[in-house]
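A.B. asks: Residue numbers (the working numbering): 461 to 1032. C-beta atoms are modelled at their ideal positions from N, C-alpha and C, and glycine is treated no differently.
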């Protein structure tokens, strides 16, 4: 049970890191246009009584009190000229409310005014107008009626889908969501997101939602930096061609550029997030006991691939080490003829995970071997070699599982023979890290995962000696629906590149505040899938680890074979 003990210990460390309230009472400058604004107004005289109610958050950052919220009924995706538009203003937290509208069905909501710049900590000097297509039901406020940059991006497309689906809002939204997910990497409809939604450590369970809540202010800050001029064209492009439209892609690229500009002023993404959260909490304090989503729920670069481009740096050798960029393709250089000619590289993990680094000769066949070495960062001289391979074609050294920012060094050596070209490529071989699990939602969409063939635990040496294999680490949320089943299957089985008699070990742990409970732990032989049936009353946050088990395989020969699998959920 060493595996269970270690994982539980690490999980407690994760939860302890999430336990504090990350909000801050540090002040920010609230002076801006219309510093003295009236409170929210109700729809004026003559407004029809009854019908659907509507309320929500209006955020670019949060709109300043007094910003105008305008609601117009839609019929077949177009504004209904026979129904009067309704107007109100937002309150000091950027919230609007239409208690009665006189109709039900889809509507266009627009909010115009000044907004709180979450990146700068003050109100904007210029107003903006953002839109959202919402749906009103009789008697109950709409559940996803928030206005933000992302709701504006899809608004024109959603109106067109309503025309195609006879105002069936659910069908119209479902029709565009695949394109939205492909373009943005996000899974939740943007109308559900609220950057001032409080996270309660140990009690808040819907981690997938709060992961995207944490991303929203980063996206909003990136838009303010570089994306607003491209938003109108991006909105039209997304309506016209979805995720592949050049204007939609140009808008998202502008967001990435803006994000990179913001990030350049900070040592890391976490520092940027902390600054934004402090600005927000200073102007908009959260309720007692609440905080902003913690760092363990992932950040923008991990959620939507906004990590700045990786620079390769110098070409190795005595002049310096060349950076190897994960998943960026081979980094190519040359080794001169003669003895002990070397090129030096390093891999710095952009996020937690298990990585492998591969050397090849670009189709050449050298007249002598190339030696490829891998050592830890922080060691002097030749360092402590973890793995070494010699090749005239290609070979791989597998790194240990790395925390974000950790570094390993590599060296390619031509100890004799003619000049040759070498390419070095880094590949991610696992999902997440034991202290930084990936958040997945298998009951909404299957997750295709992979782990490396070995060398991936970053565990204490007495544990890693026998089980130094790559793991995949996940958080998943189980709602209150009874009768759900978690399935881990589609293993890469029976292939000659895998050792005979291998197994996959799956560990499922429920997180109970700061305590944990092992729900299931067993080995799956050959291609047999793992299944666990959840009963009623088992809602909560779970940790899942998938472990490619090579304990019975002897020898230190490195292997590059990834171990693929699928995580999915079934429900009634």
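Taking the C-alpha atoms as reference points, what is the distance between residue 892 and residue 833?
C.D. replies: Translated into positions along the chain shown, residue 892 becomes position 432. Translated into positions along the chain shown, residue 833 becomes position 373. The alpha-carbon atoms of residue 892 and residue 833 are separated by roughly 25 Å.
A.B. asks: Check whether the Cβ atoms of residue 904 and residue 994 lie closer than 8 Å to each other.
C.D. replies: Position 444 of the chain shown holds residue 904. Position 534 of the chain shown holds residue 994. No, these two residues do not count as a Cβ contact at 8 Å.
A.B. asks: May I ask you to report which of helix, strand or coil DSSP gives residue 970?
C.D. replies: Translated into positions along the chain shown, residue 970 becomes position 510. Looking at residue 970 - three-state DSSP - the assignment turns out to be strand.
A.B. asks: Quick one: what does DSSP say residue 686 is sitting in, helix, strand or coil?
C.D. replies: Position 226 of the chain shown holds residue 686. Looking at residue 686 - three-state DSSP - the assignment turns out to be helix.
A.B. asks: Counting Cβ pairs, one atom from each stretch, are 3 or more of them under 8 Å apart for the stretch 769-783 and the stretch 691-698?
C.D. replies: No contact exists between the stretch 769-783 and the stretch 691-698.
A.B. asks: What are the start and end residues of the beta strand (DSSP E) that includes residue 981?
C.D. replies: Translated into the one-based positions of the chain shown, residue 981 becomes position 521. Start and end: 975-985.
A.B. asks: Does any C-beta atom of chain C lie closer than 8 Å to the C-beta of residue 581?
C.D. replies: No chain C appears in this structure, which consists of one protein chain only.
A.B. asks: Tell me the DSSP secondary structure of residue 1023 in three-state form.
C.D. replies: The sequence position of residue 1023 within the chain shown is 563, counting from 1. Residue 1023: strand per DSSP, three-state reduction.
A.B. asks: Taking residue 526 as the reference, which of 511, 544, 555 has the closest Cα?
C.D. replies: Here residue 526 refers to the residue found at position 66 when the chain shown is read from its first residue. Checking every option, the nearest Cα to that of residue 526 belongs to 555.
A.B. asks: So the candidates are 963, 906, 947; which of them puts its Cα closest to the Cα of residue 931?
C.D. replies: Counting from one through the chain shown, the residue named residue 931 turns up at place 471. For the residues 963, 906, 947, the minimum Cα distance to residue 931 belongs to 963.
A.B. asks: For residue 639, which three-state DSSP category applies?
C.D. replies: One-based indexing of the chain shown puts residue 639 at position 179. In the structure shown, residue 639 sits in a helix (DSSP, three-state: H, G or I).
A.B. asks: What separation, rounded to the nearest whole angstrom, lies between the Cα atoms of residue 848 and residue 831?
C.D. replies: If you number the chain shown from 1, residue 848 lands on position 388. If you number the chain shown from 1, residue 831 lands on position 371. In a straight line, the C-alpha of residue 848 is about 7 Å away from that of residue 831.
A.B. asks: Using the rule of at least 16 other Cβ atoms within 10 Å of the residue's Cβ for burial, across every protein chain shown, is residue 856 buried or exposed?
C.D. replies: Taking the chain shown and counting its residues from 1, the one referred to as residue 856 is at position 396. Per the 10 Å Cβ criterion, buried.
A.B. asks: Looking only at C-alpha atoms, which of 873, 679, 621, 740 sits nearest to residue 714?
C.D. replies: As a working mapping, residue 714 is identified with position 254 in the chain shown. Minimum Cα distance to residue 714 is reached at 679.
A.B. asks: Mapping DSSP to helix, strand and coil, what is residue 747?
C.D. replies: If you number the chain shown from 1, residue 747 lands on position 287. Reduced to three states, the DSSP call for residue 747 is coil.
A.B. asks: Does residue 598 pass the burial test, meaning 16 or more other C-beta atoms within 10 Å, or should it be called exposed?
C.D. replies: Position 138 of the chain shown, counted from the start, is the residue given in the question as residue 598. Exposed is the call here.
A.B. asks: Please report how far the alpha carbon of residue 570 lies from the alpha carbon of residue 564, in whole angstroms.
C.D. replies: As a working note, residue 570 is residue 110 in the chain shown. As a working note, residue 564 is residue 104 in the chain shown. Going by the C-alpha atoms only, they are around 17 Å apart.
A.B. asks: Under 8 Å, with one C-beta from each stretch per pair, do the stretch 694-703 and the stretch 717-734 reach the 3-pair mark?
C.D. replies: Output reads no: the stretch 717-734 does not touch the stretch 694-703.
A.B. asks: Give me, in chain order, the residues of the same chain whose beta-carbon lies closer than 6 Å to that of residue 654; leave out the 5 immediate sequence neighbours on both sides.
C.D. replies: Walking along the chain shown from the start, residue 654 turns up at place 194. Taken in chain order, the residues that qualify are 517, 606.
A.B. asks: Take residue 811 and list the residues in its own chain whose beta-carbon comes closer than 6 Å to its own, dropping the five residues that flank it on each side.
C.D. replies: Position 351 of the chain shown, counted from the first residue, corresponds to residue 811. 762, 864, listed in sequence order.
A.B. asks: Assuming residue 821 and residue 882 make a contact with CB atoms under 8 Å, what is their CB distance in whole Å?
C.D. replies: Indexing the chain shown from 1 puts residue 821 at position 361. Indexing the chain shown from 1 puts residue 882 at position 422. Right, their Cβ atoms sit about 6 Å apart.
A.B. asks: Restricting to Cα atoms, I'd like to know which of 539, 529, 579 is closest to residue 557.
C.D. replies: Counting from 1 along the chain shown, the entry for residue 557 is found at position 97. Checking every option, the nearest Cα to that of residue 557 belongs to 529.
A.B. asks: Report the partner residues of residue 833 according to the DSSP bridge assignment.
C.D. replies: Against the chain shown, residue 833 aligns to sequence position 373. According to DSSP, which records beta bridges pairwise, residue 833 is partnered with 848, 871.
A.B. asks: Which word fits residue 684, buried or exposed, when buried means at least 16 other C-beta atoms lie within 10 angstroms of its C-beta?
C.D. replies: If you number the chain shown from 1, residue 684 lands on position 224. By the neighbour-count rule (16 or more Cβ atoms within 10 Å), residue 684 is buried.
A.B. asks: Alpha carbons only, please: which of 800, 630, 671, 1000 is nearest the one belonging to residue 944?
C.D. replies: Reading the chain shown from its first residue, position 484 is the one you call residue 944. Selected option, being the one with the closest Cα: 1000.
A.B. asks: Do the CB positions of residue 718 and residue 682 come within less than 8 Å of each other?
C.D. replies: For the purposes of this step, residue 718 is taken as the residue at position 258 of the chain shown. For the purposes of this step, residue 682 is taken as the residue at position 222 of the chain shown. For residue 718 and residue 682, yes; Cβs fall inside 8 Å.
A.B. asks: Distance, Cα to Cα, residue 545 vs residue 897?
C.D. replies: Taking the chain shown and counting its residues from 1, the one referred to as residue 545 is at position 85. Taking the chain shown and counting its residues from 1, the one referred to as residue 897 is at position 437. In a straight line, the C-alpha of residue 545 is about 47 Å away from that of residue 897.
A.B. asks: Going along the chain, which residues of its own chain have a beta-carbon closer than 7 Å to the beta-carbon of residue 633, five neighbours each way excluded?
C.D. replies: Position 173 of the chain shown holds residue 633. Hits under 7 Å: 618, 649.
A.B. asks: Is residue 441 helix, strand or coil when you go by DSSP?
C.D. replies: With the chain covering only 461 through 1032, there is no way to say anything about residue 441.
A.B. asks: Kindly indicate the opening and closing residues of the beta strand (DSSP E) around residue 993.
C.D. replies: Taking the first residue of the chain shown as position 1, residue 993 is located at position 533. Residues 990-993.
A.B. asks: For residue 753, count neighbouring C-beta atoms within 10 Å of its own C-beta (all shown protein chains included) and say buried if the count is 16 or more, exposed if not.
C.D. replies: Numbered from 1 along the chain shown, position 293 holds the residue referred to as residue 753. By the 10 Å Cβ count, residue 753 comes out buried.
A.B. asks: In this structure, does DSSP put residue 712 in helix, strand or coil?
C.D. replies: Position 252 of the chain shown, counted from the first residue, corresponds to residue 712. DSSP places residue 712 in helix when its eight states are reduced to three.
A.B. asks: Count the other CB atoms within 10 Å of the CB of residue 674; is the residue buried (16 or more) or exposed (fewer)?
C.D. replies: Numbered from its first residue, the chain shown carries residue 674 at position 214. Buried, by the Cβ-count rule.
A.B. asks: Nearest-angstrom Cα distance between residue 786 and residue 889?
C.D. replies: For the purposes of this step, residue 786 is taken as residue 326 along the chain shown, with counting starting at 1. For the purposes of this step, residue 889 is taken as residue 429 along the chain shown, with counting starting at 1. When rounded, the distance between both Cα atoms is 11 Å.
A.B. asks: Less than 8 Å between the beta carbons of residue 418 and residue 946, yes or no?
C.D. replies: No answer is possible for residue 418: the residues shown for the chain start at 461 and end at 1032.
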